[in-house]
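Residue numbers (my numbering): 81 to 330.
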Amino acid sequence: MPDEKVRKQPHYGHYALQWMGYTVFFMYLVAVILSYLYLVLAGVIVAIFGTYLITSYMIGLRILDQHNPFPPPKTLKLTGEEHVLDIGCGLGKMTVGIAKKLTTGKVTGLDLWVSAEIPGNSPERAKKNAQLEAVEDRVEFESGDVRSMQFNDSTFDVVTALTLMNNIRGHEDKMLALSEILRVLKPDCQFLLVEVPRDRWGMLMVTPLMYWSMLKKEQWIELLEEVGFVDISYERYRKMTTILARKPAR
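Following this line, the structure appears as C-alpha cells:
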C-alpha cells in the first residue's frame with residue numbers, strides 16, 4: 081500500500097541547464113579532437129576546464145537547494161499583511177518563500193518567462209510549485225520586464241529579487257531596473273536584493289565568465305545609493321550576498 085504521506089516535491093528549476101550541457105559537451109569534444117591531433121596537453125587542459133564548469137554548476141544547484149523555497153532573512157521584518165513584488169521570480173523560489181510568511185498578504189511574481197534561462201519556465205509551473213507548498217491563495221504570477229513595469233507608483237510594501245540583478249547586463253539597464261523598483265515601492269518600504277557573492281563561494285557556484293561579470297556588494301550599495309535608496313544594510317545569508325535598502329519616507 082503506497083505511503084499517503086509521500087507527495088510530489090516542488091522544483092524551482094536548473095538555471096541555464098541547456099547552455100551548460102552544450103558548453104561542456106563541446107569542450108569535451110574539443111578535448112578529444114586535440115588529443116587525436118597529438119595535442120594531448122591542450123586536450124587535458126580543455127577537459128579539466130570542462131569538468132570544473134560542470135562541477136561548479138552542480139555545487140551551485142546544491143547550495144541553492146532547488147527543491148525548497150528561499151525563505152527571507154529575519155532582517156526583512158514582515159507582518160504577514162504585505163503586498164510583495166518578487167521580480168525575476170522564475171518558478172517561484174523566492175515567491176513561495178515569502179508567501180509562506182504571509183497571512184492575509186499576497187506576493188506577485190514577475191518574470192519574462194524565458195525558457196533558455198530555466199527550462200520549462202512558465203507561470204503555470206510556478207503556480208504548480210505554489211500549490212505543492214499550499215500557498216496558491218497568496219501568490220499570483222504576471223509577465224513583465226523589471227526595466228519597464230506596468231504597476232502604478234507606490235504599489236508594493238516590499239520588493240524582492242533573487243539572483244536576478246546580475247543577469248541584467250550593462251550599467252544603464254541596471255540603473256533603470258533599480259529606478260523602477262524604487263518607483264513601485266511605497267515610501268519607507270524595503271527592497272531585498274539577493275545575489276551570488278563575489279568570493280570563493282561564488283567561484284564554486286557560477287562559471288568564470290559569469291563570476292567576473294558580477295558586481296561586488298560595495299558596487300551594489302553604490303548603485304542603490306545613486307538611485308535614491310537609503311538605510312542600506314548588508315548581511316551574509318545562506319551563503320548569498322543579501323542587501324536590504326529602504327525607499328525614503330515622503
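A virtual CB, placed ideally from N, CA and C, is assigned to each residue, including glycine.
Specify the secondary structure class of residue i as computed by DSSP and reduced to three states.
i      : result
Ala257 : helix
Arg318 : coil
Phe221 : strand
Thr188 : strand
Val239 : strand
Ala325 : strand
Pro267 : strand
Leu273 : strand
Ser293 : helix
Ile248 : coil
Quick one: Cα of residue i to Cα of residue j, how far?
i      : j      : result
Ser22  : Arg318 : There is no way to answer for residue 22, as the model of the chain reaches only from 81 to 330.
Ile125 : Asn246 : 29 Å
Pro203 : Thr235 : 21 Å
Ile113 : Val104 : 14 Å
Ile301 : Ile312 : 7 Å
His91  : Tyr291 : 25 Å
Gly282 : Tyr116 : 35 Å
Ile139 : Leu284 : 6 Å
Arg87  : Arg249 : Residue placement at Arg87 cannot be trusted, given a pLDDT of 48 that sits under 50; what the coordinates show is reported in the next sentence. Going by the C-alpha atoms only, they are around 39 Å apart.
Val120 : Trp193 : 42 Å
Thr287 : Leu133 : 6 Å
Asp253 : Thr135 : 31 Å
Lys208 : Asp191 : 16 Å
Leu389 : Leu242 : Since the first residue of the chain shown is 81 and the last is 330, residue 389 is not available in this structure.
Leu262 : Thr155 : 19 Å
Gly185 : Glu162 : 5 Å
Ala329 : Thr131 : 50 Å
Ala206 : Phe150 : 14 Å
Lys157 : Asn148 : 21 Å
Asp225 : Met255 : 14 Å
Gly189 : Arg280 : 31 Å
Arg227 : Tyr102 : 30 Å
Looking only at its chain, what residues have a beta carbon closer than 8 Å to the beta carbon of residue i, apart from the 5 residues adjacent to it on each side?
i      : result
Pro277 : Lys297, Arg316, Lys319, Met320 and Thr321
Pro199 : Gly93, His94, Leu97 and Gln98
Phe129 : Met107
Gln146 : His91, Tyr92, Gly93, His94 and Lys173
Val264 : Leu165, Met229, Phe231, Asn232, Asp233, Ser234, Thr235, Phe236 and Val239
Ala332 : Shown here, the chain extends from 81 to 330; a query on residue 332 therefore has no answer.
Asn201 : Gly93, Gly170, Leu171, Asp191, Trp193, Val194 and Ser195
Asp83  : Residue confidence for Asp83 is low, a pLDDT of 42 falling below 50, so the modelled location carries little weight and cannot support an answer.
Gly160 : Lys181, Leu182, Thr183, Thr184 and Gly185
Whose C-beta lies closer than 7 Å to the C-beta of residue i among residues of the same chain, with five residues either side of it excluded?
i      : result
Pro153 : Glu315, Tyr317 and Thr322
Val187 : Val164, Asp166, Thr175, Ile178, Ala179, Arg218 and Val219
Leu258 : Leu303, Leu304 and Val307
Leu244 : Ile167 and Gly168
Ala122 : Leu114
Ile143 : Met285 and Lys319
Leu141 : His94
Taking 6 Å as the limit between beta carbons, can you name the residues of its chain near residue i, skipping five residues before and five after?
i      : result
Thr240 : Asp166, Met174 and Leu272
Ala325 : Phe271, Leu304, Phe309 and Ile312
Tyr137 : Met100
Does the CB of residue i have a neighbour CB from chain C at under 7 Å?
i      : result
Glu315 : Annotation note: the requested chain C is absent from the structure, which comprises a single protein chain.
Exercise. Three or more beta-carbon pairs under 8 Å between the region 176-193 and the region 208-225, yes or no?
Worked result: Between the region 176-193 and the region 208-225 there are three or more C-beta pairs closer than 8 Å, enough to call the two in contact.
For this session: Run through the region 133-185 for me and flag every whole alpha helix (DSSP H) of 4 or more residues, listed as ranges in chain order.
Result: With a minimum length of 4 residues, the continuous alpha helix (DSSP H) runs that stay inside the region 133-185 are 173-179.
Exercise. In the region 104-133, which residue ranges form an unbroken beta strand (DSSP E) of at least 3 residues, counting only runs that do not cross its ends?
Worked result: The qualifying runs do not exist here; there are none.
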